[in-house]
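Residue numbers (our numbering): 192 to 442.
Positions of the beta carbon are idealized from the N, C-alpha and C atoms, including for glycine.
What follows is a set of notes on a single structure, which appears directly below.
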Amino acid sequence: MTTTNTADTASTNGAAQVDVAALALRGVTSGYDHTTILRDVDLVVPAGSVTALLGPNGAGKSTLLKTVSGLIRPTSGTVEIGGQDVTKLPTFRRSQLGLCHVPEGRGIFRSLTVRENLEQQAAAGHEAEAVERAAEVFPILGERLEQRAGLLSGGQQQMLAMARAYTTNPKLILVDEASLGLAPIVVDAIFQFLQDIASKGTALLIVDQFAARALAMASSVYVLNRGEMVFSGTSAELLDGDLFARYLGGE
Ligand SMILES: Nc1ncnc2c1ncn2[C@@H]1O[C@H](COP(=O)(O)OP(=O)(O)OP(=O)(O)O)[C@@H](O)[C@H]1O
Ligand SMILES: [Mg+2]
């Protein structure tokens, strides 16, 4: 009797006290066809927090995000979203669990209009609401609803990609190089937007070449080099050591 009670209490307390991570990769090895890119990678994004993933070109950052969203499958290791093992689940099941991936190159449909892009991403029956919410956060999109997405400026396309993520109410957003090729003022707007949704409790995993901006927002940081995780810690710890200069060019 006593033993059973103790065990029950322990498991109940465990569930109540330990916040389930938004994302956890454990021992993940993955890549393309016969090329292994990521080797034995561990990474945790605590619920509702911002994590930065940095590393030089070709380190495997985008590969890691694709492994999380299910575009590629690991050859070993596990991926958990909100405490659930999703390693074998297809991409759409991961989306249903609250995951949204804003890929490098933005992942919008260039031949569709802004409105169609927003509607296409929205849950059935919530199309109008998605369009309304997007126009609220990025008014410029509201003015361009009938324009083809491919004719938007680079910055506007990135706003559309962000808006598509936002309107699905995700629990975790993977953001790959959101600021690539954009003017500083647009980058400011994008990061302000990310800051706003993070402060409302959405967890973010941000890959960005502007390490300083990602670091300023993130409570934890990982550095990937040649497919291996070479650092995990706080921004301050990263900036303290010589790792930043060694892997990230001393930006
Ligand atoms: N579809 C693919 N097929 C085969 N190899 C690929 C593919 N995509 C990427 N790679 C290789 O995987 C490695 C890691 O690429 P990845 O795009 O993950 O790097 P990254 O850290 O995102 O780089 P960047 O900062 O330039 O975006 C590179 O050597 C790249 O050539
Ligand atoms: Mg990349």
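Query, Result
"Exposure of residue 211, with buried meaning 16 or more beta-carbon neighbours within 10 Å", "exposed"
"Within 8 Å, strictly: CB atoms of residue 217 and residue 418", "no"
"Distance between residue 293 and residue 484 (C-alpha atoms, nearest Å)", "For residue 484 there is no data in the structure shown, the boundaries of the chain being 192 and 442."
"Stretch-stretch touch, CB-based, cutoff 8 Å, three pairs: the segment 277-284 with the segment 243-256", "no"
"CA-to-CA distance, residue 336 to residue 258, given in whole angstroms", "32 Å"
"Simplified DSSP assignment, three categories, for residue 331", "helix"
"Residue 242 beta carbon near ligand 1 (any heavy atom closer than 7 Å)", "no"
"Inter-residue spacing [alpha-carbon to alpha-carbon] between residue 397 and residue 254", "13 Å"
"Residues with C-beta closer than 5 Å to any heavy atom of ligand 1, in chain order", "223, 228, 248, 249, 250, 251, 252, 253 and 254"
"Under 8 Å between C-beta atoms of residue 291 and residue 359", "yes"
"Closest by C-alpha distance to residue 299, when choosing among 369, 245 and 363", "369"
"C-alpha distance - residue 399 paired with residue 238, whole-angstrom precision", "20 Å"
"Cβ-based burial, residue 367 [other Cβ within 10 Å; buried from 16]", "buried"
"Euclidean distance between Cα positions of residue 269 and residue 377", "36 Å"
"Rounded separation between residue 381 and residue 331 - CA only", "13 Å"
"Cβ-heavy atom distance, residue 399 to ligand 2, below 7 Å", "no"
"Beta carbon of residue 265 nearer than 8 Å to that of residue 305", "no"
"Rounded C-alpha distance that separates residue 345 from residue 393", "25 Å"
"Bridge partner(s) assigned by DSSP for residue 300", "In DSSP, residue 300 forms no bridge with anything."
"Among 406, 436, 319 and 433, nearest to residue 240 - alpha-carbon criterion", "406"
"Whole-angstrom C-beta distance between residue 438 and residue 246, which should lie under 8 Å", "6 Å"
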